[in-house]
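Okay, structure coming up:
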């Protein structure tokens, strides 16, 4: 049985990070890189931790987020919450065994998104965004590229966009990387989530 919490013991988190490092997850090398310290010391965001027994098997965060959107020769800031931030899941640990074209095989997408939406709405936000790296490699003029896993997530979002689960809000330079911003279609997300549970 899986249990998701919005806090965890530091020793549990350190063990999860060691496992992530062992399998090559680049964005999960230490607590500082995950930016969990920001959520502990400030009201900046929140992380969710999914346990299987005594061990964390997945985590993801959410935080306040804004970006500049250009349309019709005008620009405006869009504000909301960034969800599935630093999302990671250990392979082979999920109790959900069905194949799902709706990305419900991902614990952060299946279990953490509803909690992030609930928390974001309690702060007055009603728009929720996922960002993905949209390239792979090591161009000379940019920092080291994202992992192939992160790039694969971008491809998944393209498929979910065709199914109207997310909407493409364009490419933006975020935290030193060119990323695509996807807005979650909440109605369609919850419809499909209920469908896959049944």
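Residue numbers (our numbering): 640 to 837.
Cβ coordinates follow ideal geometry from the N, Cα and C atoms, glycine included.
No experiment lies behind these values; they were computed from the predicted model shown.
Checklist entry - Hey, out of 760, 685, 720, whose CA is closest to residue 706's CA? => result Here residue 706 corresponds to residue number 67 of the chain shown, with the count starting at 1. A check of alpha carbon separations from residue 706 across 760, 685, 720 identifies 720 as the nearest.
Item to check | Coarse secondary structure for residue 700, derived from DSSP in three states | outcome: Within the chain shown, numbered from 1, the residue matching residue 700 stands at position 61. Here residue 700 carries a strand assignment [DSSP, helix/strand/coil].
Checklist entry - How big is the Cα-Cα spacing for residue 688 and residue 699? => result As a working note, residue 688 is residue 49 in the chain shown. As a working note, residue 699 is residue 60 in the chain shown. Spanning the two alpha carbons is a distance of roughly 7 Å.
Item to check | Endpoints, beta strand (DSSP E) assigned at residue 825 | outcome: For the purposes of this step, residue 825 is taken as the residue at position 186 of the chain shown. It is not in any beta strand (DSSP E) - residue 825 instead sits in the alpha helix (DSSP H) that spans 825-836.
Checklist entry - Any idea which residues DSSP pairs residue 821 with across the strands? => result The residue you call residue 821 lines up with position 182 of the chain shown. Per DSSP, the beta-bridge partners of residue 821 are 769, 807.
Checklist entry - Quick one, which of 694, 723, 759, 665 has its alpha-carbon nearest residue 647's? => result If you number the chain shown from 1, residue 647 lands on position 8. Taking only the C-alpha atoms, the option nearest residue 647 is 694.
Checklist entry - What residue does the alpha helix (DSSP H) around residue 729 start on, and which one ends it? => result Looking up residue 729 in the chain shown gives position 90. Counting along the chain, residue 729 falls outside any alpha helix (DSSP H), and DSSP gives it neither H nor E.
Checklist entry - Between residue 754 and residue 643, which are expected to be in contact by the criterion C-beta below 8 Å, what is the C-beta distance as a whole number of angstroms? => result The residue given as residue 754 occupies position 115 in the chain shown. The residue given as residue 643 occupies position 4 in the chain shown. A Cβ-Cβ separation of about 7 Å places residue 754 in contact with residue 643 under the 8 Å criterion.
Checklist entry - Taking the C-alpha atoms as reference points, what is the distance between residue 757 and residue 766? => result Within the chain shown, residue 757 is the residue found at index 118, counting from 1. Within the chain shown, residue 766 is the residue found at index 127, counting from 1. For the pair residue 757 and residue 766, the Cα-to-Cα distance works out to about 11 Å.
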